[in-house]
Each structure stands twice: as structure tokens, then as C-alpha cells.
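J.: Protein chains in written order, with this note's numbering: chain A, 1 to 315; chain B, 1001 to 1315.
Number of protein chains: 2
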Amino acid sequence: MILTVTLNAALDLTYRVPHLVPHASHRVREVTERPGGKGLNVARVLGALGFRTTVTGFVGGETGRVLRTLLAADAADAGPGSVTDALFQVAGRTRRTVGIVDETTGDTTQLNEPGPHITPEEWDGFLTAYRELLGRGAEAVALCGSLPPGVPVGAYATLVREARTAGIPVLLDTDGEPLRRGLAARPDIVKPNAEELAGITGTAEPLRAARAAQRRGAHAVAASLGADGMLLVTQDGAWSAAVPERLTGNPTGAGDSAVAGLLSGLAEELPWPDRLARAVALSAATVRSPVAGEFDEPTYARMLPSVRVRKAETP
Amino acid sequence: MILTVTLNAALDLTYRVPHLVPHASHRVREVTERPGGKGLNVARVLGALGFRTTVTGFVGGETGRVLRTLLAADAADAGPGSVTDALFQVAGRTRRTVGIVDETTGDTTQLNEPGPHITPEEWDGFLTAYRELLGRGAEAVALCGSLPPGVPVGAYATLVREARTAGIPVLLDTDGEPLRRGLAARPDIVKPNAEELAGITGTAEPLRAARAAQRRGAHAVAASLGADGMLLVTQDGAWSAAVPERLTGNPTGAGDSAVAGLLSGLAEELPWPDRLARAVALSAATVRSPVAGEFDEPTYARMLPSVRVRKAETP
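(1) E1195(B) to L1231(B), Cα distance in whole Å?
(2) Using a Cβ cut-off of 8 Å (strictly closer), state whether T1248(B) contacts chain A.
(3) Report buried or exposed for A949(B), applying the criterion of at least 16 other Cβ atoms within 10 angstroms of its Cβ.
(4) Could you give the residue range of the alpha helix (DSSP H) that holds F58(A)?
(5) Tell me which residue opens and which closes the beta strand (DSSP E) that M230(A) is part of.
(6) At a threshold of 7 Å, does R1068(B) count as lining the ligand ATP (C-beta to nearest heavy atom)?
(7) If you measure between the beta carbons of G1125(B) and R1095(B), is that distance less than 8 Å?
(8) Assuming W1239(B) contacts A1285(B) under a Cβ cut-off of 8 Å, what Cβ separation, rounded to an integer in Å, is found between them?
(9) Taking only beta-carbon positions, decide if E1103(B) is within less than 8 Å of chain A.
(10) Leaving aside the five residues before and after K1038(B) along the sequence, list all residues of the same chain whose C-beta is less than 7 Å from its C-beta, in chain order.
(11) Run down chain A in chain order and give the residues with a C-beta less than 7 Å from the C-beta of E1062(B).
(12) Give, in chain order, every residue of the stretch 21-32 of chain A whose Cβ lies closer than 7 Å to some Cβ of chain B.
(13) At a CB distance below 8 Å, what residues from the stretch 1101-1125 of chain B approach chain A? Give them in sequence order.
(14) Note down, in chain order, each residue of its chain lying with its Cβ closer than 6 Å to the Cβ of G1154(B), except the 5 sequence neighbours on either side.
(15) Using 8 Å as the limit for Cβ to Cβ distance, is Y1130(B) near chain A?
(16) Spatial neighbours of T1299(B) within its chain, please: CB distance less than 7 Å, with the 5 preceding and 5 following residues excluded, ordered by chain position.
(17) Taking A73(A) as the reference, give the member of V31(A), D85(A), E62(A) with the closest Cα.
(18) Please name the residue or residues paired with G1261(B) in a DSSP beta bridge.
(19) So V141(A) packs on L270(A), CB below 8 Å; how close in whole Å?
(20) Please confirm if V98(A) has its CB atom under 8 Å from at least one CB of chain B.
(21) Excluding sequence positions up to five away, which residues of its chain have a Cβ less than 7 Å from the Cβ of A1163(B)?
(22) Does the beta-carbon of R275(A) have 16 or more other beta-carbons within 10 angstroms, so that it is buried, or is it exposed?
(23) Put K191(A) into one of helix, strand or coil per three-state DSSP.
(24) Closest Cβ-Cβ distance between Y1015(B) and chain A: below 8 Å?
(25) So if DSSP puts Q214(A) in a beta bridge, which residue, or which two residues, is it bridged to?
(26) Less than 8 Å separating the beta-carbons of R1070(B) and E1033(B)?
(27) What residue does the beta strand (DSSP E) around V1307(B) start on, and which one ends it?
(28) Note down, in chain order, each residue of its chain lying with its Cβ closer than 7 Å to the Cβ of R131(A), except the 5 sequence neighbours on either side.
(29) Take the Cβ of P1305(B) as the centre, count every other Cβ of all protein chains shown within 10 Å, and call the residue buried at 16 or more, exposed below.
(30) Taking Cβ positions, are I1118(B) and T1109(B) nearer each other than 8 Å?
(31) If you compare alpha carbons, which of N41(A), D107(A), R308(A) is closest to V17(A)?
(32) With distances taken between CB atoms, is the gap from G1249(B) to A1241(B) smaller than 8 Å?
(33) Expressed to the nearest angstrom, what Euclidean distance is found between the alpha-carbon atoms of R1044(B) and P148(A)?
(34) Quick check on DSSP: helix, strand or coil for F1295(B)?
(35) Going along the chain, which residues of its own chain have a beta-carbon closer than 8 Å to the beta-carbon of D236(A), five neighbours each way excluded?
As C-alpha cells, this is what we get:
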């Protein structure tokens, strides 16, 4: 089982409008609701790839109830894999995110509510539940996304240490101070994007920045570089990879699919370059999917053998 | 008891963001949730004025559950009046509306979800419940807002006829084809704005248009003219009224407050000019309220004696 943690889970709403005009009133043509937050997206992709995945994090209120109902419906429809709900109930209300798709321009405008306030007792309760999940045979753990209010800024550092104590490989995908603190706890993999990596290292050149992040504690750094693919720095070597064609589409969730690629490769003990190729092909297949945050399986099958992996060298 | 009907009730969300930029991602600084839809706003104002009010219309899903919880909390906090929940439960989900307040410009961008689909059986069930409510001593009825999908376009005409058969004065506040059909059923009052009035009569000059709407069936026409106040055409005469100063603020809900003013004056059997003055003062006090859709009581108390009511004559 692969465990994904989404401390600030969300109910993602997508509104389609003919054209978004600030200060105007709009009739929403179509509303879709789905479970959201990075770790839930990672789990959805892992499920589609055939992996047994368990999701945890905080959930509460009426929005949390809808999220759990949708998660159960997804699980019932699941393909080869499965997603088990081990979310931790809190008194606060799960946040919503609203993505407004402008049908004229194709652009999405995003509004993200703040998360529920987590009490110290809830955080302690979650830690106990997390330790129990680690003990139930987790092969790998992914810690994903922002922290809701009330959770200590060093939360991910604590969760990384718990996983390492339990001997379970742990991937961290967050940004800012939670990433900086998490790095010091020596996660197996961090997956920042180029901007997040530059933000914590002060270095804009990706390979130098990735090596700097590695010196700060990460065993491996997988940096997503948008249309330029990904860069991977490990203790065994450094590689970059990209798909051979320029893709257009919706990049929402592409980073989460990359995390799923890295984790699935880790669970299957693939060599690093193969994990990287899988992450890059899944990202590309997500950009090409008509539904934000899902990957297009034929694109994935076509892309995977065509990903170019090269040794990376300091410029 | 005054009965307000909101067939397309909503859970109104207000998001405050530093500045709304299309295609960007925004952290919402503050989220507020409240019961929404015109008839629910009218009831809130009537409650604050000390009237016993009952609300009905369709409600369903998790959003409907939140709406009812908020309504019950409002009722517990109510001032002199009270609002009783007689909403009719359906299988569909109550719509949300999202108002995005740009803290830089002060402007609001509005997104309105479509309502739940109402089945013919649900519409029949509602009609039965509505007749029962009319029989419980309603002094006046207000029929407010748009129709959710599935409800017949002549729905308001049916509801007007039922009220008239029961001998209860009925006010209609809607637009487009539902207003056109509703007029033919001879409501006691219709309250269009200038644009809605022009839309159904083809006449842009408000007094001529109001007289045209009267000929189509309304006993009285109260037209809201934005910053120019209101125009009232009845079988006893025609009046216009406005506040003596130009007010700036948020006009959201000003029309609903005007409806509350007209209904409260009707319930107290005030002369027409006094009902009009009350409607205009409440509208102005709503524009000046810091919270959208609520009225500022000191502004109302100050405005009411200063409203200028004049006989209106065809230009």
C-alpha cells in the first residue's frame, strides 16, 4: 500500500462560464465537484495505474462529507487499483477551491479558500493515526501540499522523521517554510517546481539549485520544469528528461501525476532513470487530458517509450 | 405571518480577495456563507423589522443542509421578528452563488450556479405544501426570483392564482418569461427594475412602461430605478420617491429590501405613498450597509422621514 497525506484536502469545484469579466454577473453553465488537494490527486493517478493507495489528512464539515462521498464513488468505479479513505475527521470545515474555466479564452482563474483551523488536540490525534497507518505495511509515503491554519510549520519535518523511523521511503511535495523545515528531516525525495526550488535555495539555475536542496537534506531532488520536463538529482547521479514534442493543454495536476510516477517507480524498485521517465510521461499525459488532474491513458502509453532521459551536468 | 417563496434558493458564498486577476490563482482571505435567494433576503429584512415571516421554496443536498442550518442560526439570533423555515426538500442540490469581492477596487464579480432539477412530482408536492401555507393565516405572499430547471415557466402564474383564490395579496418579483406569464394572473404588485420593465413592455420610459405592465394585469407596479429611487403606479394614482442624497455603497439586495418595505406596508395597511417611502428608505439603508443584503438600521431611521414622495405624471 502507498500512503498519501493531504493535510489541506479540498473540495474542488470547477465552474464553466462563457467568458469571465471582472465586476460582471455570470451564469455558471456547468459545475463539477471532485475530491481535491495534491495527495488526493496523486492517489487517483496511482489507483488508475493499479496501485493500492490509502489517503489521509484532515477532513470536516459538510464540504468534507461531500468529499468523502465522492471519494467512495471514485473507489467504487476504480480500475485496477483502489483508494482507501483513512482521512482524519476534524471539527472545522474542509476548504473549497473554485476553478473558473473561461470558455472563450480556455484560461482558468483559481480561488482557494483557506483551510479549517486545526487544534493542537486534532494534530496530536492525527499523528497517532498516521503512525498506525505507517505500521500497516505502507511501502512508501507522499506528503503533499500546503498546511491548514493551526498545524505547526514543522509538521512535515515531524511526518518525514516518523516515516524514516518506520523505515518507509518518504516523498515531500510542498513549498516555502514547510519545505525548508521538511528538508532538514532528510526526506528520500523532494519534488519542488523550479520556482519553489529557487525560492528555498536562492539559485535560479535548476541543477545548481537541486544540488543545494540535496545538501540541505534531501536524498534525491526531482524538480519539475514545466514544458522543459524534469530534472532528477540523486546520490547515484543526475538526469534530465522531457517528452520529444511540445504539448499544449491544461497543466493542472501535472506535478501530482509526476509524484505518482516517482512513487510507483519506487514501489516497483525501478532504476532512477525509469522512475523519471514514468513521471515525465504521466505529467505529459495529464496536460493532454480533457479533465484537469486526470491523465490520458493512450497519451501515457505513447509517451512512455519516447521520453528522452539524459545525464545532467553542471553547466 | 408573511410568506416569501424562493423557488431557486441558494447558499451565497462571499470571497474576499486582495485583487481579482483573470487566469491567476488567488488565496481567498475570508469566506462568508449565508442563506441566499431573493425571498430569503426579503424574509431577513422583514424579520429585522419585527414581522413574523415564513420562507418556502426548494432545498436539497449538502448545500441545502448548510442553508437550513444557517437559517436556524439566524432565527435563534433574530431581533423582534422571526423567520420560520418551511422549505420543501427535493432530491437535487441547492445551488451556490459566489460573490468575489475585490478589495482593491471594491467591485464584486458574481458567479451563479444553475439550480437543482425539479421533477414534476416535486413541483406537485410543493404546490400542495404552498396551499397549506396559504391556509395557515398568511397576510401576504411574495414570489421571488428565478425558476430552477424543471419548474414550468408558468409557475408564478399558478402561484399568483392560488394566492388570489385564497384572498391573500400577492407580490411578484421576477423577470423575463416567468414575469410575463405571472402578470397575466393579475398579481397585486409586481416589482421589476427599469431594465426588466423595459424588457417585458418594450418601453424604456418608466412611467409609460409601468402603465403598460398594469394593463397586462398587475394591480400595482413598483419599479426600482436604481439611484433614482422608485416609481409606483396603482389604481389610486402614481408616485415617485427618492432619498434626498446620492448614496454610494453596495446595491446587492436593495431590491429585496424594497420588496420587504412594500410587503410590511401592505401588512400594516399603510397608504400607498407611505409604503413607497418605506421601500425607498430600506433600499437606501441596504446600499449603505457594510454587509451585502442587510440594511443599516440607523440609516433607515434617518432616511425614512426624508424620502421625497411626489405625484408622478406622464411626461
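For every residue, glycine included, the Cβ atom is placed at its ideal position computed from N, Cα and C.
No experiment lies behind these values; they were computed from the predicted model shown.
T.: On the basis of the data shown:
(1) Distance between the alpha carbons of E1195(B) and L1231(B): 13 Å.
(2) Not an interface residue.
(3) Lying outside 1001 to 1315, the shown extent of chain B, residue 949(B) is not represented and no answer is given.
(4) For F58(A), there is no enclosing alpha helix (DSSP H); the residue is found in the beta strand (DSSP E) stretching over 52-59.
(5) Counting along the chain, the beta strand (DSSP E) containing M230(A) begins and ends at 230-233.
(6) This structure does not include the ligand ATP; it has no bound ligands of any sort.
(7) Going by beta carbons, G1125(B) and R1095(B) fall outside the 8 Å limit.
(8) Not quite, the Cβ-Cβ distance comes to about 20 Å (not below 8 Å), so this is no contact.
(9) No, E1103(B) lies away from the interface with chain A (no Cβ there is under 8 Å from its Cβ).
(10) Here K1038(B) has T1006, C1144, G1145, D1173, D1256 as same chain residues with Cβ atoms under 7 Å from its own Cβ, once five neighbours each way along the sequence are excluded.
(11) Going along chain A in sequence order, the residues near E1062(B) (Cβ under 7 Å) are E62, R65, V66.
(12) From the stretch 21-32 of chain A, only P22, H23, A24, S25, H26, R27, V28, V31 have a Cβ closer than 7 Å to chain B.
(13) Listed by position, the residues of the stretch 1101-1125 of chain B near chain A (Cβ gap below 8 Å) are D1102, T1105, D1107, T1108, T1109, Q1110, L1111, N1112, E1113, P1114.
(14) Non-local beta-carbon contacts of G1154(B) in its own chain, meaning distances under 6 Å to residues more than five positions away in sequence, involve R1181 in chain order.
(15) Look at Y1130(B): its C-beta is not under 8 Å from any C-beta on chain A.
(16) Hits under 7 Å: A1284, A1285, R1288.
(17) Nearest C-alpha to A73(A) among V31(A), D85(A), E62(A): D85(A).
(18) According to DSSP, which records beta bridges pairwise, G1261(B) is partnered with nothing at all.
(19) The pair is not a contact, with the Cβ atoms about 18 Å apart (cut-off 8 Å).
(20) At least one CB atom of chain B sits nearer than 8 Å to the CB of V98(A).
(21) These residues qualify, in order along the chain: L1134, V1141, V1170.
(22) Burial check for R275(A): the Cβ neighbour count within 10 Å reaches 16 or more, so the residue is buried.
(23) Per DSSP, reduced to three states, the secondary structure at K191(A) is coil, with no helix or strand assignment.
(24) Against chain A, the CB of Y1015(B) has a partner CB under 8 Å away; the residue lies at that interface.
(25) The bridge partners DSSP lists for Q214(A) come to none.
(26) Per the sequence presented here, residue 1070(B) reads as Leu, with Arg not at that position. Taking 8 Å as the Cβ cut-off, L1070(B) and E1033(B) qualify as a contacting pair.
(27) Element bounds for V1307(B): n/a, residue is neither H nor E.
(28) Only E162 meet the Cβ criterion.
(29) With fewer than 16 other beta carbons inside 10 angstroms of its own, P1305(B) counts as exposed.
(30) Taking 8 Å as the Cβ cut-off, I1118(B) and T1109(B) do not qualify as a contacting pair.
(31) When each option's Cα is compared against that of V17(A), the closest is D107(A).
(32) The answer is no: Cβ separation not under 8 Å.
(33) Cα to Cα, R1044(B) sits roughly 34 Å from P148(A).
(34) Residue state, collapsed to three classes: coil.
(35) Cβ-Cβ distances below 8 Å link D236(A) to W272 in the same chain, with the five nearest sequence neighbours on each side left out; the list follows chain order.
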